[in-house]
Every structure is written in structure tokens, then in C-alpha cells.
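J.: In the numbering used here, the protein residues as written are 14 to 250. Mind looking over this structure? Questions follow.
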Amino acid sequence: MQTNLKICRGCGQVKDITSDFAVDRSKKGGITSRCKECCRQSSSRRRSLRSPEQKEADAFRRSEKRRAANPEARQKINCQARLRYGANRADQLRRNALYRKRALEKIKLREKVRRTACADLLREQYASYYLRNREQILARNKIWRLDNRERRACSLARRRAAVLQRIPRWLSAEAISQIKEVYARARQMSEASFLSYHVDHIYPLQGRYVSGLHVPENLQILLASENLKKSNKWTPQ
Ligand SMILES: [Zn+2]
14 MQTNLKICRG CGQVKDITSD FAVDRSKKGG ITSRCKECCR QSSSRRRSLR
64 SPEQKEADAF RRSEKRRAAN PEARQKINCQ ARLRYGANRA DQLRRNALYR
114 KRALEKIKLR EKVRRTACAD LLREQYASYY LRNREQILAR NKIWRLDNRE
164 RRACSLARRR AAVLQRIPRW LSAEAISQIK EVYARARQMS EASFLSYHVD
214 HIYPLQGRYV SGLHVPENLQ ILLASENLKK SNKWTPQ
């Protein structure tokens, strides 16, 4: 009888080996050193101590796992949602806008978590989405460019003028080819990773405190998302 009992390392109580301890083959006796109740408590304590970001990241990972485990059910749900959406698009868009307004903080947190904690997963998802829908995406981008031709031309021209103004007269031919290399590298990185890499001016060309030059030393390659966050900001440290 006595061999079926064990002292829990957590609460110190004498408990039944077969019913009160979980199996753990990595442990010497083949069971955990603490009883099931103690394990449950410490895991719930750990869970409650997670930051909101961590909670959101865990929830996201869990839901992705569920999706991956049952692709057929997922497809069915997607199909139903698409039908619903198509039948009542205006209504749905209004409802989405209302929800976004109501739960803005929650949504912002979720988006932030997805961008950071689950960056790899999102990259994979986007890469596979891109491969599956390449033609569509390219066509859509082209339509956008045609629809916004003037807007785009205007911003490109302004950009080009800003760059031209910040090219120093003393820039050597070697430096110019180095600049070209940086842009080529950013393009290669974008194509290889399905992410958008930008060439960024460390000191902005039209900064508030300082204005940088269009020279190799002032260039760095950044993810577009990081670059857009940085905008024209450079603040003295
Ligand atoms: Zn215990």
C-alpha cells in the first residue's frame, strides 16, 4: 500500500501516486515531483501574470493551430463568411466600422502583437497568400497606380527633388555606385523575403533639426513598416 503514496514537493501533502500525480517520463519515478493540484495552480498563476501582449500572442497562436489542424472546417467557415459578406456588403462594412470604433484599443493591441510576436507566422502566411494570388495582387496594384497616377507622380517628383537637393557636389563616382548598390540590395531583400524593404536616410533629407545628405554613409536598409514609423523624425539624443 505504502508504495502508492508520495509526498508532493509543492504542498508537502502525502498523495496517491496513480491518481494525484501526472505522468512525466523525464522524471526519475516517471511522474512529476509536484501533485496535479500544485501544477495546476502554478500554471494558472503563470498565465495570469502574462502581459496583455503575451496573452494576445498566445491566443493568436492557439487559434492558428486550430485552423491548421482542420483546414476543411476553416474553408467552410470562410466560404460562409464570404457569402454573407457578399449578400450584405454595405451593412457589413458599417458594422465593421462600428466594431472598430468600439474596440479600438483591443484591436490596436491585437494588431501590434500580430506584427511583432507573430512576425514569422505572418510572413509565412503572406508569402503563401502572395504566391497563390500573385496575378490578382499585381493587377490590383496596377489599377491603383493608374487610378492614382497624378498623386503618385506628384509625390515621386517631390521626393526626387528632395534627393537631388541633398546630393553634395563632391560626391565621387564610387560613392554614386555604392548608393546604387544599396538600392539594389534592398530590392533583392524584398524579392527574396516577400517583405518590403526601403532605403532609409538615417538623417532625414528634410529633417526638422538636421538635414542629412544623399550619401552612402547616410543610407540604411529598413523594413518598410519600421521606416514608415520613423517618418521624417530624427530627434537629438
Ligand atoms: Zn501538491
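Here a beta-carbon is modelled for each residue, glycine too, at the ideal position from N, C-alpha and C. Just so it is clear, the structure is predicted and the values come from calculations on it, not from any experiment.
#1: Measure the C-alpha to C-alpha separation of isoleucine 20 and leucine 62 and round it to an integer number of angstroms.
#2: For a test of the three-state rule: what should DSSP assign to aspartate 104, helix, strand or coil?
#3: Give the secondary structure of glutamine 15 by DSSP, where H, G and I count as helix, E and B as strand, and everything else as coil.
#4: I'd like the list of long-range same chain contacts for arginine 22, defined as Cβ closer than 7 Å, with 5 residues on each side in sequence excluded.
#5: Determine the direct distance from the alpha carbon of serine 209 to that of asparagine 154, and round the result to whole angstroms.
#6: Please determine, among Arg128, Asn17, Ser39, Glu85, the residue with the shortest C-alpha to C-alpha distance to aspartate 29.
#7: Whose C-beta lies closer than 6 Å to the C-beta of alanine 237 among residues of the same chain, with five residues either side of it excluded?
#8: Can you name the residues that DSSP bridges to valine 212?
#9: Among Ala170, Asn231, Arg123, whose alpha-carbon lies nearest the alpha-carbon of proline 65?
#10: Taking the CB atoms as reference points, tell me whether isoleucine 316 and asparagine 240 lie closer together than 7 Å.
#11: Against chain D, with Cβ distances strictly below 7 Å, would tyrosine 210 count as a contact?
#12: Give every residue of the same chain whose Cβ lies closer than 7 Å to the Cβ of leucine 218, excluding the five residues on either side of it in the sequence, and list them in chain order.
#13: Within 10 angstroms of the Cβ of glutamine 15, are there 16 or more other Cβ atoms? Answer buried if so, exposed if not.
#14: Please return the same chain residues whose Cβ sits closer than 7 Å to the Cβ of isoleucine 150, not counting the five positions on each side in sequence.
T.: In this structure, then:
#1: The sequence position of residue 20 within the sequence shown is 7, counting from 1. The sequence position of residue 62 within the sequence shown is 49, counting from 1. Their backbone Cα atoms lie some 28 Å apart in a straight line.
#2: Counting from one through the sequence shown, the residue named residue 104 turns up at place 91. Correct three-state label for aspartate 104: helix.
#3: Here residue 15 refers to the residue found at position 2 of the sequence shown. Reliability fails at glutamine 15, whose pLDDT of 49 lies under 50, so the model's placement of it is uncertain and the value that follows must be treated cautiously. The DSSP-derived three-state label of glutamine 15 is helix.
#4: The residue given as residue 22 occupies position 9 in the sequence shown. Cβ neighbours of arginine 22 beyond the five flanking positions: Ser46, Arg47.
#5: Position 141 of the sequence shown, counting from 1, holds the residue named residue 154. Position 196 of the sequence shown, counting from 1, holds the residue named residue 209. Straight-line measurement puts the Cα of serine 209 at about 14 Å from the Cα of asparagine 154.
#6: One-based indexing of the sequence shown puts residue 29 at position 16. In terms of CA proximity to aspartate 29, Asn17 leads the group Arg128, Asn17, Ser39, Glu85.
#7: By 1-based counting over the sequence shown, the position of residue 237 is 224. Only Ser209, His211 meet the Cβ criterion.
#8: By 1-based counting over the sequence shown, the position of residue 212 is 199. Valine 212 pairs with Ile234.
#9: The residue you call residue 65 lines up with position 52 of the sequence shown. Of the listed residues, the one whose Cα sits closest to proline 65 is Arg123.
#10: Because the chain in this structure spans residues 14 to 250, residue 316 falls outside the shown range and cannot be described.
#11: Here there is only one protein chain, and chain D is not present.
#12: Indexing the sequence shown from 1 puts residue 218 at position 205. Closer than 7 Å at the Cβ level, and outside the excluded window around leucine 218, lie Ala175, Val176, Arg179, Ser224, Gly225, His227.
#13: Numbered from its first residue, the sequence shown carries residue 15 at position 2. Only weak support is given to the placement of glutamine 15: the predicted model assigns it a pLDDT of 49, under 50, and the question is left unresolved by the model.
#14: Walking along the sequence shown from the start, residue 150 turns up at place 137. Counting only Cβ-Cβ distances below 7 Å, and skipping sequence neighbours, we find Tyr143.
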